Ligand SMILES: [Zn+2]
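Below, the structure written as structure tokens:
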């Protein structure tokens, strides 16, 4: 399958550099508080990243404030609702590749996602949750949270995503569930 590539601002092969660095320097020190030269080069991609790109649906949602939760580095927006509770965690800035995120943004991308999943879990009580990072459709770093229910027709498989433009039956959270979810988010925010 060949996919249309959007022009990328990245100029250096950061991805391979970063992977090399990880292998040589050891993971734990990097994750605690370590900063290295590779981090600063990653940060610069973030620093240079635009806040808005025309035609990007996540940039548009952020600009139009269609946000469920936000922090310094990430925003959470509603997904397409082909699965109940489908949420999308996206970076606040328009960066195209997860490997280009500076450490703080990556931490937030991962850790805040887990907190959102916990909040969803409390309210919807799914059997499990799927996290999906595709990077071949909307070129703005994001991943999808899918609470999975045994009653899903595609349970036990990756969530079936209706192609763009195809009509499907939405499975929206009820107002009550949404209110309970927002309440959980508030509780979790206090511990953030
Ligand atoms: Zn964008």
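Numbering (this note's numbering), first residue to last: 736 to 927.
We put the beta carbon where it would ideally sit given N, CA and C, even for glycine.
Since this is a predicted model, take the numbers as computed values, not measurements.
- Put simply, the stretch 884–900 does not touch the stretch 828–842. Fewer than three CB pairs are less than 8 Å apart.
- Note that the C-beta distance between residue 830 and residue 812 is not below 7 Å.
- Contact annotation: residue 882 and residue 820 have beta-carbon atoms nearer than 7 Å.
- Taking 6 Å as the cut-off, one finds at least one heavy atom of ligand 1 near enough to the beta carbon of residue 793.
- For residue 921, the closest C-alpha among the options 851, 817 and 793 is that of 851.
- Residues of the same chain with a CB within less than 6 Å of the CB of residue 844, apart from the 5 flanking positions on each side, are 809 in chain order.
- With 16 or more other CB atoms across the displayed protein chains lying within 10 angstroms of its CB, residue 804 is buried.
- For residue 848, there is no enclosing beta strand (DSSP E); the residue is part of the alpha helix (DSSP H) that begins and ends at 838–859.
- Residue pairing for residue 826: DSSP places it in a beta bridge opposite 809.
- Residue state for residue 815 is assigned as coil, using DSSP reduced to three classes.
- Within the DSSP secondary-structure output, residue 882 pairs in a beta bridge with 864.
- Inclusion of residue 856 and residue 806 in the CB contact set at 7 Å is not warranted, their separation being larger than that value.
- With respect to the C-alpha of residue 866, the residue from 786, 879 and 874 having the closest C-alpha is 879.
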